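To start, the structure itself, in structure tokens.
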Amino acid sequence: MWHANNSRHIVEGLHDLGKTVICYMNLGAVQPEDCDFKTWYTSNKWMGPWYYDANFNKNASKEENDANLYCERYVDFTDPTIRNLMKERMKIARDAGCDGVDPDNIDISGIKWGNGRNPPSPKSVFEALTDLAAYAHSMTSTYKGYKFMIGQKNAPEMAKDLAAKFDFAVLERGLEKNFAQEFFPYFNLKKPVIDIEYPADLLNDDDKNQPCNLQRDSSCAVGDTKCLCRGLNAPLDKWTES
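Rendered as structure tokens:
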């Protein structure tokens, strides 16, 4: 969605070709490269578990765990204040010309929150997602005035409940990981399901050398100069440069 907001001519060009534009949106996590990051940082809302820590699997290989080394922290959108910030992201996407959003990291009840904190319950997550769907549907797209759409990203265990609330689903590795069949509730309601696979032969060596990503060790402490993503004490302008 940030690319769409900063390059609206691309969205307009797609619409001129009669295409529907669905924009990626990170719903359950926040990263420093997000255009609204300053709001999260200055209001102390960027305080959830690191993506790596929340998904660490002691039974997995180091390579599998290291694949989650992102400069990204989860946020609890069952909190009304955080949910309102996410509604603002939806509005930005709509105003940028997106016809709907593809919200990622919705399964925040299934991760480790750490520091003795219990994860939000599946019921509270479902209620929050239902509220977000209602908000999305309260808007109309800027292209032909269609109802603004919201989709389910992954989280197969939620498909049976969300299919009636959401407009489509997007899966990552649904075939590889054998969970595509969990999304039949969408098919039964004649709603589209899109699967994205990531063949190894498409991997670019440069993908592992991008700034921030894959640069943080799980044992980094706050303020560690070798691990700036870990420390909230880093200068604010480091995270908010344009």
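Start counting the sequence shown at 0; every next residue gets the next number (numbering that gives the first Met the number 0). Note that the Cβ used here is the ideal one computed from N, Cα and C, for glycine as well. None of these values were measured; they are calculated from a predicted model.
Supposed contact pair residue j and residue i - C-beta distance, whole angstroms, cut 8 Å
{"i": "residue 14", "j": "residue 145", "result": "The Cβ separation is near 11 Å, so there is no contact."}
{"i": "residue 85", "j": "residue 16", "result": "Between residue 16 and residue 85 the Cβ distance is about 30 Å, and since that is not below 8 Å, they are no contact."}
{"i": "residue 54", "j": "residue 91", "result": "27 Å between Cβ atoms; not a contact."}
{"i": "residue 74", "j": "residue 22", "result": "Rounded, the Cβ-Cβ distance is 19 Å, inconsistent with contact."}
{"i": "residue 133", "j": "residue 147", "result": "So it is not a contact: roughly 11 Å between Cβ atoms."}
{"i": "residue 56", "j": "residue 43", "result": "With 8 Å as the limit, residue 56 and residue 43 do not qualify as a contact, their Cβ atoms being about 29 Å apart."}
Cβ neighbour criterion (16 or more within 10 Å) applied to residue i
{"i": "residue 218", "result": "Residue confidence for residue 218 is low, a pLDDT of 41 falling below 50, so the modelled location carries little weight and cannot support an answer."}
{"i": "residue 170", "result": "buried"}
{"i": "residue 197", "result": "exposed"}
{"i": "residue 210", "result": "For residue 210, the pLDDT reaches just 44, beneath the cut-off of 50, and the residue's location in the model is therefore unreliable, although a value from the coordinates is still provided. When all chains shown are included, residue 210 counts as exposed."}
{"i": "residue 237", "result": "Only weak support exists for where residue 237 lies, its pLDDT of 41 falling under 50; the coordinates are left without a value."}
{"i": "residue 140", "result": "buried"}
{"i": "residue 128", "result": "buried"}
{"i": "residue 82", "result": "buried"}
{"i": "residue 79", "result": "exposed"}
{"i": "residue 0", "result": "buried"}
{"i": "residue 118", "result": "buried"}
{"i": "residue 66", "result": "exposed"}
{"i": "residue 12", "result": "exposed"}
{"i": "residue 59", "result": "exposed"}
{"i": "residue 165", "result": "buried"}
{"i": "residue 186", "result": "exposed"}
{"i": "residue 229", "result": "Only weak support is given to the placement of residue 229: the predicted model assigns it a pLDDT of 46, under 50, and the question is left unresolved by the model."}
Counterpart residues of residue i in DSSP-defined beta bridges
{"i": "residue 81", "result": "Paired residue(s): none; residue 81 is not in a bridge."}
{"i": "residue 170", "result": "194"}
{"i": "residue 22", "result": "100"}
{"i": "residue 29", "result": "72"}
{"i": "residue 149", "result": "100"}
{"i": "residue 139", "result": "146"}
{"i": "residue 49", "result": "72"}
Test item: CB-CB of residue i and residue j under 8 Å
{"i": "residue 184", "j": "residue 162", "result": "yes"}
{"i": "residue 94", "j": "residue 25", "result": "no"}
{"i": "residue 97", "j": "residue 29", "result": "no"}
{"i": "residue 152", "j": "residue 167", "result": "no"}
{"i": "residue 113", "j": "residue 72", "result": "no"}
{"i": "residue 173", "j": "residue 160", "result": "no"}
{"i": "residue 107", "j": "residue 124", "result": "yes"}
{"i": "residue 69", "j": "residue 40", "result": "no"}
{"i": "residue 182", "j": "residue 158", "result": "yes"}
{"i": "residue 35", "j": "residue 116", "result": "no"}
Residue i CB to nearest heavy atom of the ligand COA below 7 Å
{"i": "residue 60", "result": "Because no ligand of any kind appears in the structure shown, any question about the ligand COA cannot be addressed here."}
inquiry  = Quick check on the DSSP output: what are the complete beta strand (DSSP E) runs of length 3 or more inside the segment 63 to 120, in order along the chain?
reply    = Listed in chain order, the complete beta strand (DSSP E) runs (minimum 3 residues) inside the segment 63 to 120 are 99 to 103.
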